[in-house]
Amino acid sequence: MQSTDLGNKESGKIWHRKPSPATRDGIIVNIIHNTSDYHPKVLRFLNVAFDGTGDCLIAGDHQGNIYVFDLYGNRFNLVQRTAQACTALAFNLRRKSEFLVALADYSIKCFDTVTKELVSWMRGHESSVFSISVHASGKYAITTSSDTAQLWDLDTFQRKRKLNIRQSVGIQKVFFLPLSNTILSCFKDNSIFAWECDTLFCKYQLPAPPESSSILYKVFAVTRDGRILAAGGKSNHLHLWCLETRQLFRIIQMPTKVRAIRHLEFLPDSFDAGSNQVLGVLSQDGIMRFINIQTCKLLFEIGSLDEGISSSVISPHGRYIASIMENGSLNIYSVQALTQEINKPPLPLVKVIEDLPKNKLSSSDLKMKVTSGRVQQPAKSRGSKIQTRILKQDLTGDFESKKNELPDGLNKKCLQILLKGYGEYPTKYRMFIWRSLLQLPENHTAFSSLIDKGTHVTFLNLQKKYPIKSRKLLRVLQRTLSALAHWSVIFSDTPYLPLLAFPFVKLFQNNQLICFEVIATLIINWCQHWFEYFPNPPINILSMIENVLAFHDKELLQHFIDHDITSQLYAWPLLETVFSEVLTREEWLKLFDNIFSNHPSFLLMTVVAYNICSRVPLLNCNLKDDFETVEDMQAEVDQQRVEDEAWYQKQELLRKAEETRREMLLQEEEKIIQQRQRLAAVKRELKVKEMHLQDAARRRFLKLQQDQQEMELRRLDDEIGRKVYMRDREIAATARDLEMRQLELESQKRLYEKDLTENQAAVAKEMRADADAYRRKVDLEEHMFHKLIEAGETQSQKTQKWKEAEGKEFCLRSAKKASALSDASRKWFLKQEINAAVEHAENPCHKEEPRFQNEQEDSSCLPRTSHLNDSSEMHPSTQISLNRRAVEWDTTEQNLIQKVRNLRQRLTAQARHRCQTPHLLAA
């Protein structure tokens, strides 16, 4: 069997020499995937699928690595790394290079094996997809999870339909029937429905199985013609349904050791027109048994208890079987090699009798005798009869040379010369030489038939009598002894059989078939006369040993006889344990190198030789108990020697292990140094890359900043334009509002001016009336004054008369001047009040500022007539008249000021009224 480790390689050869699978296992190649990291580990394969040709397959491991294996071209290629475990695989039957893979994230992806590119990504499942079924046309695919099944169109990779079910009823499997347009859906309640693919119309439902053999279906398989459905579950029963008649037509019961069925698949045959007759059944023990569903016979099997199978797929043409083992590796089996024994042609009916050799032998030479000859093989049949002797003709010459020829190109004489020179066979080739010397048939069928009978009742409680620590070793010993007991009933009553078989079981515990055949061959050829006095010890054999001892050491034999020590005490214990209790492992292997290479009597000579080698302690024993004490002492000495040897070996192993560890440590340190150097180089490269990236990032950032600034400037320009536009619009609107306001103010101004003009006219009229009244009063006073003067001054002197006239004229001028000043002050005051009223009318809502804070101050600003008069120069009467006139002027002025105030108050009240009623202003 060839083995290929993928390692870190992405492509390479599957095998490096032409595969020649053996008939017994049929393995072409064993493919493993080990990582070569610092901590190496095995990457387990999870799923495998064949393409339509059957010469190419894909396999995915638990890290998402998907490989394509071309068995015809002897190449493998890594086509995808999905970085997550794949839960199902299938090839696209229309586009040969495409395949579908269901991943742990519940999605389905389609990849191309040639371009290694993603073709499509399909989503829709909410739980793990465990099955992908592709229609025979390659147009549709069905993906199945525990809660739903979805139908996809592989041309558009769109979902067409979705099968929804109740949560209480789960889905077991949904798949296309071969060469038809029918979908078969199987549910966890054992209901099976058939649907039309295009219309999804329910065509039929299979009836419920009989209650006597009712099982919960978990696995299914259909023949290539789509006529027979096989179903199984947690039972050793198989149900075969005829889909044409929709009836259960056969129930097959597997062997009792099959407790559950994990996988079913029919083995295609090119000549059965799709009506497959061979069904592969993978059970819970990891063994896949291939049975004929018509004859119900076991044809062959793959896998073993030690190397169990997890899942298997058969190629469409039926040439290969790809199995994922429980240890995570991938085995490729040749169906032709596995079925070679089954498909053997029958023996020829015509047989030819050959002539004797030219050198004719005399009658005295043709003697019959018991010879070692070729070692007799265990019978390939299941019979229990033991053959006890072999009769052969001793034909010298060619017959002797043929007798020494062994299988696999070995020669017995050459092996004996090698053994005589080195004392033992090479450890590496010992098992191979033993199998050739014993000429083991390796009959899997016969051994399987014995194993299928289960544990023999005699050895059910074997662990109580022989408490072995290793449970595996105990289990293998129990199976081997049970197979021997089923092979021949006499072995069930042989008390020393476990002692005889144990060293071989311990040596061949990983290959139970070889172990059984070695023990059976040993019993047939070296122990064939042990059962003539059964159940007593073989007296005839012990007598032969005693005769040989008498010939070689009469003194020792006489010592045994004198102390009543028989051969049952000094010979039989060595035979029934085949020296396993008195020799170390290496010594025992050397011994059986010689036993298997010589005549069967060599075993008896070994017993005699062992006693002669131990003659000194034996001759010192005088009692029978001493001999049994000597036997125990010898066992203890041997045990101590074994322990010492083991201790020295352990010390040597520890020393070698320490040296190995030191070398490994040095290598690891060297690796660490190299790794550090590589890391430093990688760091430098990363630093340079980082600098380049930083520089590129800086340039990119600057460009981004420049772009952002340009964009910000454009945005600001846009904003400025927008604001200018809005400002222009607001200015235009404000201008229009101001124009309207100006028009309103002008209208109000004209209204106020009209009112003010009317008021001014009224005030002027009143002032004119007051002035006229005043002038009339002044004229009257002057007239009265003149009369008084004329009446009072009877005796005025002519000289004073001119002065009085001048004074009067001066007074009149002063009065006129005072009147003019008073009129000017009144006009100024009226002008101020009018301006204040107009300003107040233009801003009616503003708070009125106090204008006349102090009337005395305002009046102080006006010119006074009294200040203009020079009292010193006036006549007293004139002074009195002027004072009175000034008082009157002041009173008139005060009245006029009061009137102006009243007018201002009325104007203010009107303005406030307009402010309180703005709608009047708008009107």
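Start counting the sequence shown at 9; every next residue gets the next number (our numbering).
Ideal Cβ placement from N, Cα and C applies to all residues, glycine included.
Can you grab the Cα-Cα spacing for the pair I22 / S320, in whole Å? Counting from one through the sequence shown, the residue named residue 22 turns up at place 14. Counting from one through the sequence shown, the residue named residue 320 turns up at place 312. Roughly 19 Å between the two C-alpha positions.
Is the beta carbon of S331 less than 7 Å from the beta carbon of I322? Working through the sequence shown from its first residue, we reach residue 331 at position 323. Working through the sequence shown from its first residue, we reach residue 322 at position 314. No, the pair does not count as a contact, with Cβ atoms beyond the cut-off.
How long is the line joining the alpha carbons of P475 and Q648, rounded to whole angstroms? Stepping through the sequence shown from its first residue, residue 475 is reached at position 467. Stepping through the sequence shown from its first residue, residue 648 is reached at position 640. So the alpha carbons of these two residues sit roughly 22 Å apart.
Residue range of the beta strand (DSSP E) that D561 falls in? The residue given as residue 561 occupies position 553 in the sequence shown. D561 -> no beta strand (DSSP E), and no H or E assigned at all.
Thinking just about the alpha-carbon of each residue, which of D831, A741, K795 is nearest to the one in Y782? Here residue 782 refers to the residue found at position 774 when the sequence shown is read from its first residue. Measuring from the Cα of Y782, the nearest candidate turns out to be D831.
Mind checking who A238 pairs with in its DSSP beta bridge? Here residue 238 refers to the residue found at position 230 of the sequence shown. Beta-bridge pairing links A238 to A229, L248.
Local Cβ density within 10 Å of Q88, reported as buried at 16 or more and exposed below that: On the sequence shown, position 80 is the one that residue 88 refers to. It counts as buried.
Top-ranked residue by Cα proximity to A67, from A96, G60, L427: Mapped onto the sequence shown, residue 67 falls at position 59. The candidate whose alpha carbon is nearest that of A67 is A96.
Are the beta-carbon atoms of G240 and L272 separated by less than 7 Å? Here residue 240 is taken as the residue at index 232 of the sequence shown, counted from 1. Here residue 272 is taken as the residue at index 264 of the sequence shown, counted from 1. In contact: G240 and L272 (Cβ atoms closer than 7 Å).
Applying the 10 Å Cβ sphere with the 16-neighbour rule, what's the burial state of I739? Locating residue 739 in the sequence shown gives position 731, counting from the first residue. Flag for I739 reads exposed.
Do A93 and H70 have their CB atoms nearer than 7 Å? For the purposes of this step, residue 93 is taken as the residue at position 85 of the sequence shown. For the purposes of this step, residue 70 is taken as the residue at position 62 of the sequence shown. Cβ atoms of A93 and H70: closer than 7 Å.
Excluding the 5 residues preceding and the 5 following N55 in the sequence, name in chain order all residues of the same chain whose CB lies nearer than 8 Å to its CB. Counted from its first residue, the sequence shown places residue 55 at position 47. Result list for N55: A67, G68, C94, T95, A96, L97, S319, I332, in chain order.
Taking L5 as part of the beta strand (DSSP E), name the residues at either end of that continuous run. No information on residue 5 is available, as it lies outside the stretch 9 to 931 that the chain covers here.
Should S311 be labelled buried (16 or more other beta-carbon atoms within 10 Å of its own) or exposed? Numbered from 1 along the sequence shown, position 303 holds the residue referred to as residue 311. The question names Ser, but residue 311 is Gly in the sequence shown. Answer is buried; the Cβ neighbour count reaches 16.
How is K691 classed by DSSP in three states: helix, strand or coil? Here residue 691 is taken as the residue at index 683 of the sequence shown, counted from 1. In this structure, K691 counts as helix in the three-state DSSP scheme.
On the three-state DSSP scale, how would you describe A144? Along the sequence shown, one-based indexing puts residue 144 at 136. Here A144 sits in coil by DSSP.
Residue span of the alpha helix (DSSP H) that contains N419, given as start and end: Residue mapping note: residue 419 aligns to position 411 of the sequence shown, counting from 1. First-last for N419: undefined, no H or E at that position.
Of the residues T151, G146, K196, which one's Cα is nearest the Cα of P186? Counting from 1 along the sequence shown, the entry for residue 186 is found at position 178. For P186, the nearest C-alpha among the options comes from G146.
I need the DSSP call for V177, collapsed to helix, strand or coil. Here residue 177 refers to the residue found at position 169 of the sequence shown. Coil.
Express the C-alpha separation of E334 and S19 in angstroms, rounding to a whole number. Position 11 of the sequence shown, counted from the first residue, corresponds to residue 19. Position 326 of the sequence shown, counted from the first residue, corresponds to residue 334. So the two alpha carbons sit approximately 25 Å from each other.
Hey, I620 and L611: beta-carbon distance below 7 Å or not? Locating residue 620 in the sequence shown gives position 612, where the first residue counts as 1. Locating residue 611 in the sequence shown gives position 603, where the first residue counts as 1. Not in contact: I620 and L611 (Cβ atoms no closer than 7 Å).
Whole runs of the beta strand (DSSP E) within the region 45 to 115, excluding any shorter than 3 residues: 53 to 58, 64 to 69, 73 to 78, 83 to 89, 94 to 99, 106 to 111
Per DSSP, D120 forms a beta bridge with which residues? If you number the sequence shown from 1, residue 120 lands on position 112. Beta-bridge pairing links D120 to E106.
Specify whether the region 533 to 542 and the region 456 to 466 touch according to this definition: at least 3 beta carbon pairs, one from each stretch, less than 8 Å apart. no
Express the C-alpha separation of N767 and K811 in angstroms, rounding to a whole number. By one-based count along the sequence shown, residue 811 stands at place 803. By one-based count along the sequence shown, residue 767 stands at place 759. So the two alpha carbons sit approximately 46 Å from each other.
Close beta carbons around M296, own chain, < 6 Å, minus the five adjacent residues each side: The residue you call residue 296 lines up with position 288 of the sequence shown. For M296, where only same-chain residues beyond five positions count, the Cβ hits under 6 Å are G288, L290, I310, G311, I317, S320.
Considering only DSSP beta bridges, list what A157 is partnered with. Start at 1 with the first residue of the sequence shown, and residue 157 comes out as number 149. Bridge partners of A157: T152, L171.
Output the distance between the C-alpha atoms of A654 and A688, rounded to the nearest integer angstrom. The count along the sequence shown starts at 1 and reaches residue 654 at position 646. The count along the sequence shown starts at 1 and reaches residue 688 at position 680. Straight-line Cα distance between these residues: approximately 48 Å.
When S222, K816, N555, Y437 are compared against Q261, the one with the closest alpha-carbon: Locating residue 261 in the sequence shown gives position 253, counting from the first residue. Checking every option, the nearest Cα to that of Q261 belongs to S222.
Helix, strand or coil for E450? Go by DSSP, reduced to three states. The residue given as residue 450 occupies position 442 in the sequence shown. E450 falls in the coil class under three-state DSSP.
Just to confirm the assignment, what range does the alpha helix (DSSP H) spanning W129 have? By 1-based counting over the sequence shown, the position of residue 129 is 121. W129 -> not in any alpha helix (DSSP H); beta strand (DSSP E) instead, spanning 126 to 130.
Using 7 Å as the threshold, is the C-beta distance between T43 and G72 below it? The residue you call residue 43 lines up with position 35 of the sequence shown. The residue you call residue 72 lines up with position 64 of the sequence shown. No, the Cβ-Cβ distance between T43 and G72 is not below 7 Å.
Helix, strand or coil at G311 according to DSSP, with G and I counted as helix: The residue you call residue 311 lines up with position 303 of the sequence shown. DSSP places G311 in coil when its eight states are reduced to three.
Beta strand (DSSP E) segment containing N38, residue limits: Position 30 of the sequence shown, counted from the first residue, corresponds to residue 38. N38 -> beta strand (DSSP E) spans 35 to 40.
For the beta strand (DSSP E) holding L290, just list the boundary residues, first then last. Here residue 290 refers to the residue found at position 282 of the sequence shown. That run of the beta strand (DSSP E) goes 286 to 291.
What residue range is occupied by the uninterrupted beta strand (DSSP E) comprising D13? The sequence position of residue 13 within the sequence shown is 5, counting from 1. Taken as a continuous stretch (DSSP letters only), the beta strand (DSSP E) holding D13 covers 10 to 13.
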